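To convert, count from 1 in the sequence shown and add 36; that's my numbering.
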Amino acid sequence: MTKEKIKTINGSTLLEMELPPIKFAVENFLPQGFHILAGTPKVGKSWLLLSLCLQVSKGEPFWNLPTKQGSVLYLCLEDSVIRIQQRLLDLTDYAPEKLHFATHAESLSRGVTEQIEIFIAEHSDTVLIVIDTLQKIRDGAGEGSVYAADYKDISMLKEIADKYSITILGVQHLRKQPNSDPHLMVSGSTGLIGAADGSYILKKDDPLDTKAKLFIRGRDIEEKNFLSRIQQGQLRVGIYFFRHSR
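Right, here's the structure in full:
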């Protein structure tokens with residue numbers, strides 16, 4: 037049986053190639069590719085995501101950082117339309133038609149990737165897709181390896197992000213067990229973080245604290261930490277603290 041020859045690019049050719057720059061949904065914060073946002077319950081993930089989706093769809097700064105305006109799909113798979121409306125009304129009195137919501141989607145085995153690609157085909161200016169939560173579209177490892185299942189699931193979503201040069205952000209929970217590295221607290225095997233292009237960890241040092249830390253690590257961005265203030269249960273848009281981790 038003849039094997040297909042491995043396609044290669046030599047170093048000289050690679051250096052001379054004119055490749056498109058990496059696209060950012062939020063400049064120097066959220067690049068194209070598949071990323072995971074994980075946090076403890078009630079830490080403010082939903083407010084953060086809604087604010088993010090709103091600002092990108094409007095093309096307005098998010099945390100004082102420029103955004104790339106375009107269509108946004110927010111799969112709110114654990115929420116009702118009423119709850120989404122109430123949150124949106126708390127943030128704004130205007131939401132553009134470029135911002136789209138859905139409370140139901142198929143699982144990975146039943147065609148959610150095809151559903152996402154249909155949306156992209158109908159909205160060629162798609163910039164950002166949020167899946168809240170990943171668990172709602174996953175089928176489980178079955179009798180196989182949990183690591184292999186995690187890696188395969190994320191790779192399916194990453195393939196779409198890479199194909200269309202868009203950003204897909206999947207929401208996951210954190211383990212209760214503490215770790216000196218917040219990125220290793222993501223629920224599931226290391227296959228999730230290993231397959232993803234980046235991870236965004238939102239957590240509070242104390243449940244009663246009004247400030248939440250956002251730890252960012254990715255292939256195409258410099259590692260960063262943010263500190264944001266939570267007011268009236270909402271993670272308000274605005275940078276209160278910023279530093280490079282290295």
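Note that CB positions come from ideal geometry on N, CA and C, so glycine has one too.
If you're wondering where the values come from, they're calculated on a predicted model, not measured in any experiment.
Alpha carbon of residue i to alpha carbon of residue j, nearest angstrom
| i | j | result |
| --- | --- | --- |
| Gln91 | Phe98 | 6 angstroms |
| Thr139 | Glu114 | 7 angstroms |
| Ser93 | Ile237 | 23 angstroms |
| Ser264 | Lys240 | 10 angstroms |
| Tyr276 | Thr44 | Confidence at Tyr276 is low in this model, with a pLDDT of 40, below 50, so the placement of that residue should be treated as unreliable; the coordinate-derived value is given next. The alpha-carbon atoms of Tyr276 and Thr44 are separated by roughly 46 angstroms. |
| Leu55 | Val163 | 19 angstroms |
| Ala141 | Gly176 | 16 angstroms |
| Lys260 | Thr38 | 48 angstroms |
| Met53 | Gly47 | 10 angstroms |
| Lys78 | Ile42 | 48 angstroms |
| Lys249 | Phe262 | 6 angstroms |
| Ile202 | Lys59 | 7 angstroms |
| Gly227 | His159 | 31 angstroms |
| Ile123 | Leu86 | Here residue 123 turns out to be Arg, not Ile, going by the sequence shown. One C-alpha to the other measures close to 8 angstroms. |
| Val273 | Leu51 | The predicted model places Val273 with a pLDDT of 42, which falls under 50 and marks its position as unreliable, so this point remains unresolved. |
| Val108 | Trp83 | 16 angstroms |
| Gln105 | His136 | 14 angstroms |
| Ala157 | Lys134 | 14 angstroms |
| Lys81 | Ile229 | 18 angstroms |
| Pro49 | Ala185 | The amino acid occupying residue 49 in the given sequence is Thr; Pro does not appear at that position. Near 36 angstroms, if we compare the C-alpha coordinates of Ala185 and Thr49. |
Residue span of the beta strand (DSSP E) that contains residue i, given as start and end
| i | result |
| --- | --- |
| Thr203 | 203-209 |
| Ser48 | Looking at the DSSP string, Ser48 is not in any beta strand (DSSP E); the run it does join, the alpha helix (DSSP H), is 47-52. |
| Thr162 | 162-168 |
| Gly75 | 69-75 |
| Val108 | 107-112 |
| Arg255 | Premise fails: Arg255 is in no beta strand (DSSP E) and is neither H nor E. |
| Ser235 | 234-239 |
| Val62 | 60-62 |
Neighbourhood of residue i by C-beta, 7 angstroms cutoff - its chain only, sequence neighbours within 5 removed
| i | result |
| --- | --- |
| Thr128 | Leu90 |
| Val182 | Ser225 |
| Ile152 | Ile165, Ile196 |
| Ser116 | Thr139 |
| Leu111 | Ala138, Ala141, Val166, Ile167, Asp168 |
Secondary structure of residue i, DSSP reduced to three states
| i | result |
| --- | --- |
| Tyr183 | helix |
| Gly290 | Absent from the model: residue 290. The displayed extent of the chain is 37 to 282, so no value can be given. |
| Ile229 | helix |
| Leu55 | coil |
| His136 | strand |
| His249 | Before going further, note that residue 249 is Lys rather than His in the sequence given. Reduced to three states, the DSSP call for Lys249 is strand. |
| Val92 | helix |
| Ser143 | coil |
| Lys41 | coil |
| Lys188 | helix |
| Lys260 | strand |
| Leu244 | coil |
Range covered by the alpha helix (DSSP H) that runs through residue i
| i | result |
| --- | --- |
| Ile156 | 148-158 |
| Val117 | 117-127 |
Any non-hydrogen atom of the ligand GDP closer than 7 angstroms to residue i Cβ
| i | result |
| --- | --- |
| Ala231 | This structure does not include the ligand GDP; it has no bound ligands of any sort. |
Same chain, Cβ closer than 6 angstroms to residue i, five either side skipped, listed in chain order
| i | result |
| --- | --- |
| Pro132 | Ser93, Lys94 |
| Ile252 | Tyr236, Lys260 |
| Val148 | Ala141, Glu142, Ile173 |
| Gly69 | Ala197, Asp233 |
| His209 | Ser223 |
| Glu63 | Leu101, Pro102 |
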